[in-house]
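*Asks:* Attaching a single structure in structure tokens format; questions to follow.
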Amino acid sequence: MSLPSMEFNQKRWNRLLLNGFWVVLALATAVEILYMYFVTELSAAEFFPRYVALPTLMMLGVVLSAEGCVRYLAPKYHDYFLIEASTLLAVIVTAIHSSLDYLLFFLFFPIMISIFYFQYKKLAFAIANTFASLYILYMLNVDIHTLISPIGLVSMTVLISVYSGIAFGVLTRGREALQHLRSSYESNQELLVRNILMDKLAKTDALTDTYNHMAYHEYVEKLVEQADQGSLHLQIAVMDIDNFKKVNDTYGHRAGDAVLREVAAIARSKVGANDFVARYGGEEFVILFTELEYPAAYDSVEEIRRTVAETPHDSLGGLPVTISIGINRYEPGMGKEKFFQGADAALYAAKRSGKNRTVAAEAMNVSQEAAAASEDNR
Numbered sequence: 001m002s003l004p005s006m007e008f009n010q011k012r013w014n015r016l017l018l019n020g021f022w023v024v025l026a027l028a029t030a031v032e033i034l035y036m037y038f039v040t041e042l043s044a045a046e047f048f049p050r051y052v053a054l055p056t057l058m059m060l061g062v063v064l065s066a067e068g069c070v071r072y073l074a075p076k077y078h079d080y081f082l083i084e085a086s087t088l089l090a091v092i093v094t095a096i097h098s099s100l101d102y103l104l105f106f107l108f109f110p111i112m113i114s115i116f117y118f119q120y121k122k123l124a125f126a127i128a129n130t131f132a133s134l135y136i137l138y139m140l141n142v143d144i145h146t147l148i149s150p151i152g153l154v155s156m157t158v159l160i161s162v163y164s165g166i167a168f169g170v171l172t173r174g175r176e177a178l179q180h181l182r183s184s185y186e187s188n189q190e191l192l193v194r195n196i197l198m199d200k201l202a203k204t205d206a207l208t209d210t211y212n213h214m215a216y217h218e219y220v221e222k223l224v225e226q227a228d229q230g231s232l233h234l235q236i237a238v239m240d241i242d243n244f245k246k247v248n249d250t251y252g253h254r255a256g257d258a259v260l261r262e263v264a265a266i267a268r269s270k271v272g273a274n275d276f277v278a279r280y281g282g283e284e285f286v287i288l289f290t291e292l293e294y295p296a297a298y299d300s301v302e303e304i305r306r307t308v309a310e311t312p313h314d315s316l317g318g319l320p321v322t323i324s325i326g327i328n329r330y331e332p333g334m335g336k337e338k339f340f341q342g343a344d345a346a347l348y349a350a351k352r353s354g355k356n357r358t359v360a361a362e363a364m365n366v367s368q369e370a371a372a373a374s375e376d377n378r
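Residue 91 in the UniProt record's numbering sits at position 91 of the sequence shown, with consecutive numbering throughout.
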């Protein structure tokens, strides 16, 4: 499991570093021009070619090369090219202004750049570049060789070593913090997944893998609120397996459980992704349609009824079962109780009229009194 908010985004950071190189180029050029006009005693004709034009062109070449490497070469090389580019920029500035010994500290630039990558091998690569730059400049640049004594070179070596040790310490501490955050994130993710699974288990009927009675009541309240606002078309179907007690008595409860699972699977396969199938209790199921108009919802439950009636069950010796269904449409202001009672009364009417059929509540003009009477008669 990853930590998206903390994972190192190589492409983004490399782009930021390249932008930083352009800023360094612009600042270096601006400082040189200001130095030419306000500080140096050299004439512009003497100063400009060596201290403005030459370093600017060299640094421009380095930055453009870095841009090309990042654009055209494999990503695994990008980080190393940018560290190398930072080294070259530091060497150019230091070599051109070799009389200014304090600019040797600019050789730390690649080490600073490498810390952004949070990888020891890239920090080690930058440190090697820094040491190589220092010794090459000391050996090849006359001014630097003259300004820095052997003791001074040793001092610079020790200073770079100490700074490198600090960089390793910062990197180690940062990686520890990142690992701690990653561990915390993973623990939170595992807890979230566990809570989701527990919530699903609490709302799912273990036998049929449909929602349970509790989930139905929680879900229908939210849907009724939306239906009252006119934001969705809501239909309910209540279906019951015919003669299910006889199935249990004849073939046993294990066979009855197999029938329940098969009927639930058929119902789930015939409804939309946003529709809701729940085992209301015993052999009774509820379907909430949230995307279909009433005629389409009626056709859908009829298809479920026909499919169930045509499906043989091995646990019953190849015999099918049938279901009876009552369906009702939601009208704004109806409320969830009357909504369910209408479909339930229609189901009772389907049972009384021969079973294995679908009865619409509005077709029989079910009233609250009839719904209440059906509760007494079932």
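Using N, Cα and C, we set each Cβ at its ideal position, and we do this for glycine too.
Using 8 Å as the Cβ pair cut-off and three pairs as the minimum, do the segment 75-89 and the segment 114-129 touch?
*Replies:* Contact holds between the segment 75-89 and the segment 114-129, because three or more Cβ pairs, one in each stretch, are under 8 Å apart.
*Asks:* Quick one: which unbroken alpha helix (DSSP H) runs of 4-plus residues sit fully inside the segment 158-186? Chain order, please.
*Replies:* Runs of the alpha helix (DSSP H) lying entirely within the segment 158-186 and spanning at least 4 residues: none are present.
*Asks:* Helix, strand or coil for L319, going by three-state DSSP, please let me know.
*Replies:* The residue labelled residue 319 in the question sits at position 319 within the sequence shown. L319: strand per DSSP, three-state reduction.
*Asks:* Can you check DSSP and say which residues form a bridge with I241?
*Replies:* The count along the sequence shown starts at 1 and reaches residue 241 at position 241. According to DSSP, which records beta bridges pairwise, I241 is partnered with I323.
*Asks:* Please tell me whether I327 and A360 are closer than 8 Å, where the distance is taken between their beta carbons.
*Replies:* What you label residue 327 is simply residue 327 of the sequence shown in a count that begins at 1. What you label residue 360 is simply residue 360 of the sequence shown in a count that begins at 1. In contact: I327 and A360 (Cβ atoms closer than 8 Å).
*Asks:* Could you please give the first and the last residue of the uninterrupted beta strand (DSSP E) stretch that includes R279?
*Replies:* Position 279 of the sequence shown holds residue 279. F276 to G281 is the extent of the beta strand (DSSP E) around R279.
*Asks:* Is the number of C-beta pairs between the segment 263-276 and the segment 343-355 that are closer than 8 Å three or more?
*Replies:* No contact exists between the segment 263-276 and the segment 343-355.
*Asks:* Could you check if N9 is buried or exposed, using at least 16 other CB atoms within 10 Å of its CB as the buried criterion?
*Replies:* In the sequence shown, counting from the first residue as 1, residue 9 sits at position 9. Counting Cβ neighbours within 10 Å, N9 comes out exposed, since fewer than 16 surround it.
*Asks:* According to DSSP, is I266 part of a helix, a strand, or is it coil?
*Replies:* Translated into positions along the sequence shown, residue 266 becomes position 266. If DSSP states are grouped into helix, strand and coil, I266 belongs with the helices.
*Asks:* Go ahead and pull the three-state DSSP assignment for R329.
*Replies:* If you number the sequence shown from 1, residue 329 lands on position 329. Look at R329 here: in three-state DSSP terms it is strand.
*Asks:* Can you grab the Cα-Cα spacing for the pair A343 / A202, in whole Å?
*Replies:* Taking the sequence shown and counting its residues from 1, the one referred to as residue 343 is at position 343. Taking the sequence shown and counting its residues from 1, the one referred to as residue 202 is at position 202. Between A343 and A202, the C-alpha separation is close to 26 Å.
*Asks:* Under the DSSP definition of a beta bridge, which residues are partnered with H253?
*Replies:* Stepping through the sequence shown from its first residue, residue 253 is reached at position 253. Answer is none; H253 lacks a bridge partner.
*Asks:* Quick one: what's got a C-beta closer than 8 Å to L134's C-beta in the same chain, skipping five residues either side?
*Replies:* Indexing the sequence shown from 1 puts residue 134 at position 134. Around L134: L104, L107, L153, M156, T157 and I160.
*Asks:* Only counting the same chain, and skipping five residues up and downstream in sequence, which positions put a Cβ closer than 6 Å to that of C69?
*Replies:* Locating residue 69 in the sequence shown gives position 69, where the first residue counts as 1. For C69, where only same-chain residues beyond five positions count, the Cβ hits under 6 Å are F81.
*Asks:* Nearest-angstrom Cα distance between S98 and Y185?
*Replies:* Taking the first residue of the sequence shown as 1, we reach residue 98 at position 98. Taking the first residue of the sequence shown as 1, we reach residue 185 at position 185. The alpha-carbon atoms of S98 and Y185 are separated by roughly 50 Å.
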